[in-house]
Each structure stands twice: as C-alpha cells, then as structure tokens.
Amino acid sequence: MPAHVANDCADILAHARPLIDVRAPDEFARGALPEAVNLPLLNDDERAAVGTTYKRRGRAAAIELGHRLVCGDVKRARVEGWCAFVEAHPDAAIYCARGGLRSEIAQTWLAEAGFRQARVAGGFKALRRHCLDVLEGVGERRFVLVGGRTGSGKTSVLQSARAFIDLERLANHRGSAFGAFPTPQPPPVAFENATAVELMRLPPDEPIVLEDESRTIGRLAVPERLYQAMQLAPIALIEVDDDTRARNIYREYVLEAEQPRSHLEASLARIERRLGGVRYTDIKALMGQAFDAGASAWPLHRRWIVRLLNDYYDPMYDYQLAGKADRVCMRGNPTEIAAALRQGGELCERL
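Numbering (our numbering), first residue to last: 197 to 547.
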C-alpha cells in the first residue's frame, strides 16, 4: 500500500486539520501547532539514546535501538494512543520533525492497526516554514487597531469585530505588568505559529482588528512584520470614564481572578521602582485595606485601582498615544466602537 502523504501545508493549517505530533515531549514543548497533540514515538530519554547511537554507530544501529526501546507493552500503549486519537479525529495527519523516519514508523504501525492516516511531507519544519511565510507577507493585509486606556474594555470590543485576532489570548497574557495568568505563556514558536494560523483562517479581503499592543505581550514579542503593519494601521479609540475603567479592572482582576491578592501584590512589587517609593507605599496600603475588608468591598478597591490607573498607566499610555495621534480616526464609547467594527470593510473605507 503506498504511503499517504499530505503536501499542502496551507490546507492543513487553514482548515484546522487535527495533527498527531510524534516528536519527543521536549521538542513539542519548544513549539508546536494549534491543532496538534503530542503522542510521541520516542520519549525524551529514548530519543537521546537513539541520537547518540546514530552519531556513534550510524542510522541502522539507531533504528535497531529504537525498535528495541519501543516494543512489547510500550509499543502497544503508544499505538493505542494514536488509534484512540484517530478514532475521534478520522482526518488526523501525522508529523515528526522533518517528515522522516518517526512519522513513517507511526504511519506504518497505525496502518497495521487498521488506520490509513496521512503523514505531513516535510513534517514540523515544513509547517513552521509556511507559518513564517504567512507572517512575512502580513503587510498585504489591512488592519484596524482598538486603542484606549487601561481598563477601557478593549478585548470585549475587539471580539465584536467581524474579523479579529486576540493576540493576548494567544500569548496567554493580558499585556500589562499585572497581566500574567496562573498558567505559563506558550513558547515563542508556538505563539508565532498560532498567530499565523489565525491570519490564514480570516477572509483575505476583510480588515483584521487587533488591540493596540506594545511590542511585547508579557515575555513574548509580537511577530516583527505584524508589529510593523500595526504601526501603520488606523486606530479606533475607546473613551470611558475612570469609574467604568475601575469597575472593569475590579471585575477582571479581583472578582474573577484566582488568588487575586497575592497576584496583585506581587505585580505591584515588580513596578515599585517605576512607581516610586511614596506612590508604591500608598497604593500598597490602599490595596491591603481593600482586601482586608473583603473582595466585595468595591469602594475601597476603587481607591487603589483609580490611583494606579492615574499615577502609573495613564501617563504611559497618553505619552505613547501622542506619538500616533494622527492615526486615531475614530473616538467613542465601547458601544459606538463595537458597532463600527462590525461594519468590517465599510469601516476601513470610513477610516
């Protein structure tokens, strides 16, 4: 039976084809693809042993060792894992690092179990190359940015657009000194791949709405070509009062957060130097009083939130906004901006 090979990386990624990544866990952890699940042929120790044998004794000896390491119950368990995934996702394809021996072996063992699955020609390297090509050509797309001071509700407005990419969701970070989540951020390669895949899945003639992000989101950098395109895009600016912004921050960072006090106190400590000693001490004291009174003590929480916004976030944002004021093409409250974003291409014509 001829090997079934999937060659079209664009089709695989754009149509969210399920993927079995048979690379070792350490390889997967350094960067993968959105629809991929890691079901390795070799674990990290096995891969290291096979690699060492390959260097010292050649390909044949390395293959022989691999078959000795993955046999019997070990082989059976791994094939069962692949079969279970394929049963749930019949169109799943297999890939390894370069579309070589590991994916071929997995494909053969699956065929022996009654499943004829495609393997990706070129493996992860080919899929990654396509993602990089998409990011390289991002200047051909049209973008609109949603701007606004911290707490103005940009993410909710963003998600009302016809075509948008939530970079903070992909980066697993809200993009500020207080924006970390309990779970870690993805590795840079996975973030870039996910961003490219999102771009591929949006209509090519539709303007893409993004938040007006800085160059980095947490520890991750926005892909360079995308960031350059964002610096030329028109900005729809959300304008809301301090009370609305404080309520948004209170809901997201206090009421809906896990262990909000420890997270907020640690985040505040990280910006102590930039705040200055007096402001840091004052805000820390106000925050402590609010949490001592209970998470539901909104009036007390409002005091430290507004102080932090006015003394720290607003001066920074206003300074940055001054450098791109000529690109602000619309101002309004969240409802007005959201309504405009839903117009898609018509909005771009207006802007």
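Even for Gly, the Cβ is constructed at its ideal location relative to N, Cα and C.
Review point. Considering only residues of the same chain and omitting the five flanking positions on each side of F224, which have a CB-CB separation below 6 Å?
Key: D217 and N234
Exercise for review: Please report how far the alpha carbon of M197 lies from the alpha carbon of R264, in whole angstroms.
Suggested key: At M197 the pLDDT is 40, less than 50, meaning the model places this residue with poor confidence and gives no usable figure here.
Practice item. Return the CA-CA distance between L537 and N389, expressed in angstroms with no decimal places. Key: 26 Å
Review point. For C525, which option in V275, F320, A432 and I413 has the closest C-alpha, if you only look at C-alpha atoms?
Key: A432
Review point. Are the beta-carbon atoms of I434 and K350 separated by less than 8 Å?
Key: yes
Point to revise | First through last residue of the beta strand (DSSP E) which encompasses V266 | key: V266 -> no beta strand (DSSP E), and no H or E assigned at all.
Exercise for review: For P530, count neighbouring C-beta atoms within 10 Å of its own C-beta (all shown protein chains included) and say buried if the count is 16 or more, exposed if not.
Suggested key: buried
Practice item. Return yes when the Cβ of I445 is within less than 8 Å of the Cβ of I404, no when it is not. Key: no
Point to revise | Candidates M426, V334 and P380: closest to G414 by CA position | key: P380
Check your understanding: Going by Cα to Cα distance, which pick from A284, H326, R503 and E454 is closest to V474?
Key -> R503
Review point. Hey, would you say G505 sits closer than 8 Å to G333, going by beta carbons?
Key: Just to set this straight, residue 505 is Leu in the shown sequence, not Gly. No, the Cβ-Cβ distance between L505 and G333 is not below 8 Å.
Practice item. Check the DSSP bridge columns for Y291 and list the partner residues they point to. Key: D217
Check your understanding: Taking just the CA atoms, how far does P382 sit from E364?
Key -> 11 Å
Point to revise | Cβ shell of N368 (< 8 Å), same chain only, five flanking positions each side left out | key: F377, T379, P380, Q381, P382 and G414
**Study point:** contact_flag[the stretch 242-255, the stretch 315-327] where n(CB pairs < 8 Å) is 3 or more
**Key:** no
Point to revise | Cut-off 6 Å between Cβ atoms - residues of its own chain near C292, not counting five sequence neighbours on either side | key: V218, R219, R298, S299 and G319
Check your understanding: Expressed to the nearest angstrom, what Euclidean distance is found between the alpha-carbon atoms of N203 and H326?
Key -> 12 Å
**Study point:** Range of the contiguous beta strand (DSSP E) that encloses N444
**Key:** Note, N444: premise wrong, no beta strand (DSSP E); alpha helix (DSSP H) at D438 to Y446.
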